[in-house]
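A.B. asks: Protein chains in written order, with full-length UniProt numbering: chain A, 1 to 336; chain B, 1 to 336. Where a beta carbon is used, it is the ideal one built from N, C-alpha and C, also for glycine. Bear in mind that the values here come from a model prediction, so they are computed numbers and not experimental data. First, the structure itself, so that you have it in front of you.
Number of protein chains: 2
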Amino acid sequence: MKKRKRLSEQEYIDGVLSGDRVTLSQAITLVESALPSDQLIAEQVMSAVLPYTGKSIRIGITGVPGVGKSTFIERFGHLVVEEGLKLAVLAVDPSSQSGRGSILGDKTRMETLSMDKRAYIRPSPSGTALGGVSARTREAMLLCEAAGFDVVFIETVGVGQSEIAVKGMVDFFLLLMLAGAGDELQGIKKGIIEMCDALIINKADGENIEAAKRAKREYANALHLFPIKENTWLPKVMTCSGLNGDGLQSIWEMIQSYKEKMINNGYFEKNRADQRLNWMNDHIKYLLESSFYQNPTIEKSINDSLTDIKSGNVSAIKKARELVEIFIHQIKMDDK
Amino acid sequence: MKKRKRLSEQEYIDGVLSGDRVTLSQAITLVESALPSDQLIAEQVMSAVLPYTGKSIRIGITGVPGVGKSTFIERFGHLVVEEGLKLAVLAVDPSSQSGRGSILGDKTRMETLSMDKRAYIRPSPSGTALGGVSARTREAMLLCEAAGFDVVFIETVGVGQSEIAVKGMVDFFLLLMLAGAGDELQGIKKGIIEMCDALIINKADGENIEAAKRAKREYANALHLFPIKENTWLPKVMTCSGLNGDGLQSIWEMIQSYKEKMINNGYFEKNRADQRLNWMNDHIKYLLESSFYQNPTIEKSINDSLTDIKSGNVSAIKKARELVEIFIHQIKMDDK
């Protein structure tokens with residue numbers, strides 16, 4: 001690993017606000033850092049740029065492996081930049097935690113988009129704590145906004161907890177699907193529907209077109225079985241082809257129309273307000289855990305009883321409570 | 001909601017250890033409770049039953065919606081109980097967090113297995129904190145073991161963080177897949193392969209058989225591109241039909257052979273030892289967060305500044321640090 005260049009707090013702030021991409025990348029690396037000294041600077045930088053954030057439309061894009069996310073984002077991203085907008089793409093990929101990317105290599109992902117000066121692509125951090133991924137992604141997103149990006153895509157894989165985390169930081173959540181073998185209605189879960197603002201059937205090209213149209217009808221019918229959401233938006237079902245671009249313009253227009261409606265009915269701001277509260281809570285968890293594990297007495301105590309914990313000689317939850325009590329005692333002692 | 005009946009600590013312990021299913025269910029509800037008084041009893045119950053845990057084989061089963069998990073578990077579960085073993089099935093389903101189950105209803109899931117006296121099926125808790133799901137699932141699993149179950153299935157949906165959490169508590173991780181439209185190799189991620197011990201192509205029946213066999217060959221070839229895992233086990237690729245039962249016996253034998261090999265090479269115990277340490281760390285996080293949010297001063301301080309946090313007038317991360325400092329100050333004051 002190349003040694004990271006450290007900038008001053010003001011250099012980070014000025015660089016990000018002036019839209020300098022090198023500094024933007026360095027600032028994202030800073031917020032991803034686990035070092036307490038970096039964390040403090042990161043918080044200062046975030047607080048300083050915060051007034052310049054919030055102006056982009058934040059779009060979450062998810063779908064299981066094989067659904068064609070990279071191709072979709074590549075094409076859809078081109079459409080966005082051709083509209084004269086600056087686009088940032090952030091990837092959250094917990095599945096590549098212990099490795100990196102797909103078998104065929106991630107180097108070829110979004111090849112043309114990554115060459116486009118109007119787009120900024122930030123690959124997912126790897127080897128990091130699970131809880132932290134989403135917190136850092138949120139901060140990366142805000143840094144991109146402060147750097148002047150008009151649209152942020154947050155890409156995530158699968159349908160699980162990472163999606164719930166991403167849903168907690170975007171304005172619009174888009175689920176990519178494939179036309180399957182007739183079990184669309186079986187597989188689709190209420191929670192997923194409640195989470196997404198649009199269901200897009202990808203790969204609607206060539207001999208898949210008919211199946212995609214059929215799937216679209218089935219989903220659209222199924223959606224009517226659900227109670228109306230708080231924001232009164234009925235998730236849209238559309239087909240598209242990431243390969244030849246069919247349907248992408250309509251998806252972009254639909255997102256524009258969603259944004260307009262949500263701003264008018266007040267949900268857009270309400271949602272962002274809730275998200276700010278979640279952000280605070282995520283950061284509280286992060287701070288509590290770091291101060292716990294960085295406490296030297298705790299570190300020593302864990303090391304001393306590691307064998308007993310691992311062998312099961314002591315109960316893991318009993319030991320956990322004991323350690324938290326030691327931690328609290330330590331805090332009290334600090335004062336004396 | 002029916003009012004929950006509270007038992008004494010000893011009643012929970014005796015009931016679980018005697019294999020009483022009503023008490024087992026009540027004990028799982030107890031560990032799922034967020035009430036501090038329940039937590040303390042739950043910890044006592046868990047510590048008391050801990051010496052009687054560890055004897056089952058713990059199998060994680062995952063796959064995206066539509067892959068046929070319920071049908072697979074129904075059939076595979078029957079095979080397990082026909083072997084004379086007692087089976088517990090626990091479901092972790094973050095996607096149904098804001099709702100419950102699939103459109104067509106979860107009532108019909110695993111219908112015959114749920115009627116079988118040799119099987120115990122525990123549906124997923126809903127509306128709970130994300131981080132908590134996995135912690136509780138681990139404790140539910142241990143309670144099932146203490147109640148005498150020989151095999152535990154932990155079912156989860158999608159491929160994301162919940163899988164990583166489940167991987168952290170099972171001995172064997174099985175990924176169900178479908179034969180797709182040739183993009184198997186594109187979609188499969190290194191992280192998923194590194195996580196799973198077997199890739200099972202489901203729905204290998206009727207006109208799908210050839211496609212399933214082809215997919216199996218492709219996956220098996222791809223797996224050879226990966227470095228050998230620490231436990232020297234090369235993930236197996238197999239086909240099966242949850243519908244007609246084809247291939248299930250071979251899967252069960254493969255899991256037996258895995259267990260034997262891992263016990264012999266020491267990995268089985270090493271993996272469980274690491275999992276015990278994770279359990280402790282999960283519980284530490286849980287305790288830190290509960291003592292923070294249950295602190296009356298913190299509660300009041302959050303309420304007082306809620307408007308400012310939500311509007312963005314104060315920086316969420318600045319406020320987080322401030323609250324953590326108040327919390328630490330509070331702990332110090334307690335002593336005086």
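With 7 angstroms as the threshold, decide whether the Cβ of residue 362 of chain A is near any Cβ in chain B.
C.D. replies: Since the first and last residues shown for chain A are 1 and 336, residue 362 of chain A lies out of range.
A.B. asks: Which partner residues of GLU230 of chain B appear in the DSSP bridge assignment?
C.D. replies: Beta-bridge pairing links GLU230 of chain B to no other residue.
A.B. asks: Could you tell me which of A:ILE326, A:LEU287, A:LYS318 sits nearest to PRO296 of chain A, measuring between CA atoms?
C.D. replies: Ranking A:ILE326, A:LEU287, A:LYS318 by Cα distance to PRO296 of chain A puts A:ILE326 first.
A.B. asks: If we count Cβ pairs, one from each stretch, closer than 8 angstroms, do we get three or more for the region 197 to 206 of chain A versus the region 305 to 312 of chain A?
C.D. replies: Counting Cβ pairs under 8 angstroms, fewer than three are found: no touch.
A.B. asks: I think LYS319 of chain B touches MET280 of chain A, with their Cβ atoms under 8 angstroms apart; what is that distance to the nearest whole Å?
C.D. replies: LYS319 of chain B to MET280 of chain A, Cβ: 5 angstroms. Contact.
A.B. asks: Applying the criterion that 16 or more other CB atoms from any shown protein chain within 10 Å of the CB defines a buried residue, is TYR258 of chain A buried or exposed?
C.D. replies: So TYR258 of chain A ends up on the buried side.
A.B. asks: Taking DSSP's pairing of strands, which residues face VAL237 of chain A in a bridge?
C.D. replies: DSSP, once it has assigned bridges, lists A:LEU199 as partnering VAL237 of chain A.
A.B. asks: How should GLN97 of chain A be labelled, buried or exposed, when 16 other C-beta atoms within 10 angstroms of its C-beta is the threshold for buried?
C.D. replies: The pLDDT assigned to GLN97 of chain A is 38, lower than 50, so where the model puts this residue is not dependable; a value taken from the coordinates is nonetheless given after this. GLN97 of chain A is buried by the Cβ-count criterion.
A.B. asks: When we look at the beta-carbon of ASP282 of chain A and count the other beta-carbons within 10 Å, is it buried (16 or more) or exposed?
C.D. replies: So ASP282 of chain A counts as buried.
A.B. asks: Answer with buried or exposed for ILE263 of chain B, where buried requires no fewer than 16 other C-beta atoms within 10 angstroms of its C-beta.
C.D. replies: ILE263 of chain B comes out exposed.
A.B. asks: DSSP state of ALA91 of chain A, grouped into three classes?
C.D. replies: In this structure, ALA91 of chain A counts as strand in the three-state DSSP scheme.
A.B. asks: Just tell me which of A:MET333, A:VAL314, A:LEU17, A:GLU289 has its CA closest to the CA of CYS144 of chain A.
C.D. replies: Residue A:LEU17 is the option with its Cα nearest to CYS144 of chain A.
A.B. asks: If contacts are defined as beta-carbon pairs under 8 angstroms, then ILE255 of chain B and ILE328 of chain A qualify, I think. What distance do you get, rounded to the angstrom?
C.D. replies: At roughly 44 angstroms, the Cβ-Cβ gap does not stay under 8 angstroms, so ILE255 of chain B and ILE328 of chain A are not in contact.
A.B. asks: Using 8 angstroms as the Cβ pair cut-off and three pairs as the minimum, do the region 58 to 71 of chain A and the region 139 to 156 of chain A touch?
C.D. replies: As far as the Cβ criterion goes, the region 58 to 71 of chain A touches the region 139 to 156 of chain A, which means the pair count is three or higher.
A.B. asks: How about MET238 of chain A and ILE209 of chain A: are their beta carbons less than 7 angstroms apart?
C.D. replies: No; because the gap between Cβ atoms is not below 7 angstroms, this pair is not in contact.
A.B. asks: Report whether the distance from the Cβ of GLU260 of chain B to the nearest heavy atom of the ligand SAM is below 6 angstroms.
C.D. replies: For the structure depicted, the ligand SAM is absent and the ligand set is empty, with no information on it obtainable.
A.B. asks: With DSSP as the reference, label LEU81 of chain B as helix, strand or coil.
C.D. replies: Residue identity check: residue 81 of chain B is Val in the sequence provided, not Leu. VAL81 of chain B: helix per DSSP, three-state reduction.
A.B. asks: Given that TRP233 of chain B touches chain A, what residues does it touch there, using C-beta distances under 7 angstroms?
C.D. replies: Here the premise fails: no neighbours, minimum Cβ distance about 15 angstroms.
A.B. asks: So, is THR232 of chain B buried or exposed, given that buried needs 16 or more other C-beta atoms within 10 angstroms?
C.D. replies: That one is exposed.
A.B. asks: Taking C-beta to C-beta, are GLN275 of chain A and GLY168 of chain A nearer than 7 angstroms?
C.D. replies: Yes, the pair counts as a contact, with Cβ atoms nearer than the cut-off.
A.B. asks: Would you check if the distance between the CB atom of LEU35 of chain A and the CB atom of GLU74 of chain A is smaller than 7 angstroms?
C.D. replies: Their beta carbons are not under 7 angstroms apart, which means LEU35 of chain A does not touch GLU74 of chain A by this criterion.
A.B. asks: Please report the straight-line C-alpha distance between LYS213 of chain A and TYR219 of chain A, rounded to a whole angstrom.
C.D. replies: C-alpha separation (whole angstroms): 10 angstroms.
A.B. asks: Between the region 71 to 89 of chain A and the region 29 to 47 of chain A, can you find at least three pairs of beta-carbon atoms closer than 8 angstroms?
C.D. replies: Cβ pair count under 8 angstroms is below three, so no.
A.B. asks: Could you work out which residues of chain A lie near ARG321 of chain B, taking near to mean beta carbons separated by less than 8 angstroms?
C.D. replies: Near ARG321 of chain B (Cβ distances below 8 angstroms), the residues of chain A are GLU43, HIS283, LEU287.
A.B. asks: So, is ARG136 of chain B buried or exposed, given that buried needs 16 or more other C-beta atoms within 10 angstroms?
C.D. replies: Buried is the call here.
A.B. asks: So is VAL324 of chain B in contact with chain A if we call contact Cβ pairs under 7 angstroms?
C.D. replies: With 7 angstroms as the cut-off, VAL324 of chain B counts as an interface residue toward chain A.
A.B. asks: Short of 8 angstroms Cβ to Cβ, which residues in the region 48 to 61 of chain A face chain B?
C.D. replies: Residues LEU50, GLY54.
A.B. asks: Check the Cβ of PHE292 of chain A against every Cβ in chain B and list those closer than 8 angstroms, keeping chain order.
C.D. replies: Near PHE292 of chain A (Cβ distances below 8 angstroms), the residues of chain B are ILE284, LEU288.
A.B. asks: Rounded to whole angstroms, what's the CA-CA distance from LEU323 of chain B to ASP334 of chain B? Just pull it up for me.
C.D. replies: Taking the straight line from one Cα to the other gives about 16 angstroms.
A.B. asks: If you draw a straight line from the alpha carbon of PRO235 of chain A to that of ILE228 of chain A, how long is it in whole angstroms?
C.D. replies: Whole-angstrom Cα-Cα distance: 10 angstroms.
A.B. asks: Can you pull the DSSP bridge partners for GLY60 of chain B?
C.D. replies: Beta-bridge pairing links GLY60 of chain B to B:ILE154, B:PHE173.
A.B. asks: Using 10 angstroms around the beta-carbon of TYR120 of chain A, count the other beta-carbons present and answer buried if the total reaches 16, otherwise exposed.
C.D. replies: Classification for TYR120 of chain A: buried.
A.B. asks: Would LYS86 of chain A count as contacting chain B if we go by Cβ distances under 7 angstroms?
C.D. replies: Taking Cβ atoms only, chain B never reaches closer than 7 angstroms to LYS86 of chain A, which makes this a no.
A.B. asks: Determine the direct distance from the alpha carbon of VAL166 of chain B to that of SER8 of chain A, and round the result to whole angstroms.
C.D. replies: Near 41 angstroms, if we compare the C-alpha coordinates of VAL166 of chain B and SER8 of chain A.
A.B. asks: Is there a Cβ from chain B that is less than 7 angstroms from the Cβ of GLN330 of chain A?
C.D. replies: No, no contact with chain B.
A.B. asks: Quick check on ALA27 of chain B: does DSSP put it in helix, strand or coil?
C.D. replies: Reduced to three states, the DSSP call for ALA27 of chain B is helix.
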